[in-house]
Amino acid sequence: MNPKHILSVLQFTKNDVMRFIERATRFRQDRTTQLVQYPEKTLVTAFYEPSTRTSCSFQAAAYKLGCKVISITDKISSSQKGETLEDTIKTLQYYGDAIVLRHPEKGAAERASAVSNIPIINAGDGNGEHPTQALLDIFTIYTELQKRNIDLYDTGRQPITVTFTGDLKNSRTIHSLIYLLSLFPDMCFVYISPPTLELPPEIIQKMNDLQIQQQTYSSIYDSIYNTDILYVTRIQKERFATEREYFAITLSHNYKNFCVTPELLRLAKPSALVMHPLPRSSELLPEIDDDPRAVYFKQVENGVYMRMAILEDIFRQ
Amino acid sequence: MNPKHILSVLQFTKNDVMRFIERATRFRQDRTTQLVQYPEKTLVTAFYEPSTRTSCSFQAAAYKLGCKVISITDKISSSQKGETLEDTIKTLQYYGDAIVLRHPEKGAAERASAVSNIPIINAGDGNGEHPTQALLDIFTIYTELQKRNIDLYDTGRQPITVTFTGDLKNSRTIHSLIYLLSLFPDMCFVYISPPTLELPPEIIQKMNDLQIQQQTYSSIYDSIYNTDILYVTRIQKERFATEREYFAITLSHNYKNFCVTPELLRLAKPSALVMHPLPRSSELLPEIDDDPRAVYFKQVENGVYMRMAILEDIFRQ
Amino acid sequence: MNPKHILSVLQFTKNDVMRFIERATRFRQDRTTQLVQYPEKTLVTAFYEPSTRTSCSFQAAAYKLGCKVISITDKISSSQKGETLEDTIKTLQYYGDAIVLRHPEKGAAERASAVSNIPIINAGDGNGEHPTQALLDIFTIYTELQKRNIDLYDTGRQPITVTFTGDLKNSRTIHSLIYLLSLFPDMCFVYISPPTLELPPEIIQKMNDLQIQQQTYSSIYDSIYNTDILYVTRIQKERFATEREYFAITLSHNYKNFCVTPELLRLAKPSALVMHPLPRSSELLPEIDDDPRAVYFKQVENGVYMRMAILEDIFRQ
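Protein chains in written order, with my numbering: chain S, 1 to 317; chain R, 318 to 634; chain X, 635 to 951.
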């Protein structure tokens, strides 16, 4: 039997997503009692890029399921001696029962899955995908919309406007979330980014094929009135070849078009959600953290429960 | 209810300290049987400066209490992407039940506590404080004095002379220990340091206000005859702006005034204690490690039991 | 009682090795049921050089035995502040029940054992030894020869030709394995290396004293026909003073004499074993990974079971 890899959101149906959401909801409710226990399972986390949230979130989730965790980073591993990703994976598979992989190259998780006898979980592959982030994002959206009496599964033909801002080109989080949201009805997507950081045309094309309504604006101020979900991302300094290119964007007078401030929020719907995968930079001011519409730290919290659901799905095979 | 942070020794009464000492003593006695178990608790250690002792000591203590541990360092975390301490803490609070924080900036632990829903334990904030080190130091002092038939709690008006040497300006360990010892009766403090590394005047002023006897000497040889406890610290290279300033001290002919050698120990009381928070440099020669007065590795051992006492105090809430 | 250090293969008798092999075999058979459990034990891994396999393998083995693990690396420890190895070990001994040490200096594990109250396990000391790798290698040899109806313990006067290629000078793995294999009967050793990377003469002398047949060739093609076990190693870039010296070997037209290719394997015995401690570089092509004679990933798998056997031997004292 092939191992149950999690490489891309494209592998999920709407029902898969709902199943994950239901399971994560159970874990959140039963915070104190642990529903299931996998003391004989070991999770390996292999991170070739810095991370606080994703690696610790998986570790916390594994601990709550009673599992052990082995963590390696490129700083301490044999990749320092030139070992290929394939050889590392073929080695790590003997040390645990699933591998969480973050890697700077697009397609790395798929390459890893081709040689691994145990499940690979893609925790970010360059500017490719980040499926578990998308799952925790949609879990947060589902939960928060529910509080506003909206059922994401069936909105009753009520359109949901999701505005994506920031680095739409390189944000693997946004790429994964767009695909995942497209499984649900009545979505309208709005894209707002600096000219060089626009959403890849193949994603726009794919959404077009699915007859999803899409719009592009040059400023967040053009869309804020109608936005139900404002998904903000950071201009990622580490994705630019030179600092100069980065500052050309973040020091330009247009940069405010991609920034969330208390002033902007005064124009937003009272029911809106402000989301961000974190870490943030100056595009999302801490001044709004206490606004009830700001749910980005709820994303962090929900991440643990969603990853429990994901790991359980893998381990109970 | 507010979480039970441990930020500064100033928050402790004499009775608090005694309670920690008693609990740590119990843990040391019952080495094999574990008194309490917190398998559902996870400790997060977040170290933004190198550490062997403090981070591993907390990890060992957590394991002995049956807890899980998640460790992050600045090398592998999103602080690499410019994330603020506040955002990191607001994230980590969802992954565990307490956060042990070491940070190069004074006041960092307090800043962290302002945004955290779970207890913050200050494991060193720049040249600020290091309260858990002070607690394990006083635990060691208490225990070792007891072997010499002296009760630290009530010395019977017998004065205890504590000589502090080395980098009194930047040693957060000394700052915290001075405050903690000032809770106990009949203390005399002696300070010996290079001219640029003197104890901050506000601490001297505070001890003055408490009517604690204080003296300053230029050489350890002036104080060794009367010293009951010799607390030695390293000149911390990493606290100087340039190597030149560091070597101006450690290569000067006065440097021996701050160094412990077998020759010096021949002048010390037979009942004296030689302590050091470690790591050491050339100020404390390995030649004296086997002298019964050298208790710095007992500090290391006691550190595990004191940190068990601290964690238990936090987790049993 | 002295702690049970594992510093060198020289400390083992043939019966010791057989005992480890038998125990590791049991662990491999009983994969799902854990024979023994040491939940109160903590393993400390201290790695002063990069490693994936050895550190993770010990961690996985410890987890399978129910133990806890504390890991330190030089990047995050007080060795950054100039702490000596001795002081680090005298500290770490209070945090766990055994210390796995990898260090760039030959003799480091022995130095550590001189000051430690708990067992030190040498996981590689410079170009010295790597005894646990040699044990897992011989476990793999024993098991794979068994499948070929050869009993390593008593070959019935059938000679076993082991060809070692690559960096024979610096490969601590090879040094340890040669000593360990010399305990068994009917060994013939063949050495093939670039001129500057020959096996240290004291090892050749020692094997001579044991009347073991030894031969030196300049190319792997001279020996492949008779080889039962081909043990390949990497030219270790990190052991050269300059890149130039490294490339003088790996870019030379003679480099193919130390490389394993599908073409070479066509000349090898059908029953031969191809082994490698990994990580590999260009001396062992991934094209041969699926050849049944390639057992280097079995070495990885067996490493976990052998390390379980080693840890159990230490912990059950």
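Using N, Cα and C, we set each Cβ at its ideal position, and we do this for glycine too. Computed from a predicted structure; not experimentally measured.
The criterion of a C-beta distance shorter than 7 Å is not satisfied by X:I704 and X:V734. Under the three-state reduction of DSSP output, S:A309 falls in the helix class.
With contacts defined by Cβ atoms closer than 7 Å, X:L898 and X:E778 do not form a contacting pair. Taking 8 Å as the cut-off between beta carbons, the residues of the region 355–367 of chain R near chain X are F364 and P367, in sequence order. DSSP places R:V507 in the strand class (E or B) of the three-state scheme.
Residue pairing by DSSP places S:Y231 opposite S:F164 and S:M275 in a beta bridge.
Residues of chain R with a Cβ closer than 8 Å to the Cβ of S:S252 do not exist; the shortest Cβ-Cβ separation is about 19 Å. For X:D759, the secondary structure class from DSSP, reduced to helix, strand or coil, is strand.
Scanning its chain for C-beta atoms nearer than 6 Å, with the 5 sequence neighbours on each side dropped, one finds around S:N302 the residues L136, F139 and T140, in chain order. Here the alpha carbons of S:V300 and S:A123 stand approximately 15 Å from one another. Closest by C-alpha distance to R:Y538, out of R:V577, R:H420, R:T369 and R:R465, is R:V577. DSSP, read as helix, strand or coil, puts S:I70 in strand. The alpha-carbon separation between X:Y880 and X:F874 amounts to approximately 6 Å.
S:Y95 counts as buried, since no fewer than 16 other beta carbons sit within 10 angstroms of its beta carbon.
Taking a C-beta distance under 7 Å as the contact criterion, X:S905 and X:R782 qualify as a contact pair. The alpha-carbon of X:Q645 is positioned some 27 Å away from that of X:F931.
Under a 10 Å Cβ-count criterion, S:L284 is classified as buried, with 16 or more other Cβ atoms of the shown protein chains found around its own Cβ.
Under the three-state reduction of DSSP, X:T686 is assigned to coil, being neither helix nor strand. Residue range A415 to H420 is occupied by the beta strand (DSSP E) that includes R:V417. For S:T91, at least one C-beta of chain X is nearer than 7 Å to its own C-beta. F614, V617, E618, G620 and V621: these are the residues of the region 611–626 of chain R whose beta carbon lies less than 8 Å from some beta carbon of chain X, given in chain order. Taking the CA atoms as reference points, R:Q532 sits about 8 Å from R:C505. Counting only unbroken stretches of 4 or more residues, the alpha helix (DSSP H) elements lying wholly within the region 124–155 of chain S are 131–147, in sequence order. Not a single CB atom of chain R sits nearer than 7 Å to the CB of X:I775. Taking a contact as a CB-CB distance under 8 Å, the pair S:A24 and S:A309 counts as one, their CB atoms being some 4 Å apart. Nearest to R:L595 by alpha-carbon distance, out of R:K407, R:S374, R:V361 and R:P320, is R:S374. Among the CB atoms of chain R, one or more fall inside 7 Å of the CB of X:K702. Counting other Cβ atoms within 10 Å of its Cβ, R:Y508 reaches 16 or more and is therefore classed as buried.
Measuring C-alpha to C-alpha distances from S:I212 to each of S:P159, S:H5 and S:N127 identifies S:P159 as the nearest. In this chain, S:A46 is not harboured by any alpha helix (DSSP H); it is covered by the beta strand (DSSP E) spanning T42 to F47. Membership of X:T850 in any alpha helix (DSSP H) is not indicated; the residue belongs instead to the beta strand (DSSP E) covering Q847 to Y851.
With fewer than three CB-CB distances shorter than 8 Å, the region 352–364 of chain R does not count as touching the region 329–336 of chain R. For chain R, the residues of the region 232–247 of chain S that bring a beta carbon within less than 9 Å of one of its beta carbons are R234, Q236, K237 and E238, in chain order. With respect to the 7 Å criterion, R:H420 and R:S493 are not classified as neighbours on the basis of their beta carbons. Rounded to the nearest whole angstrom, the C-alpha separation of S:L267 and S:Y217 is 16 Å.
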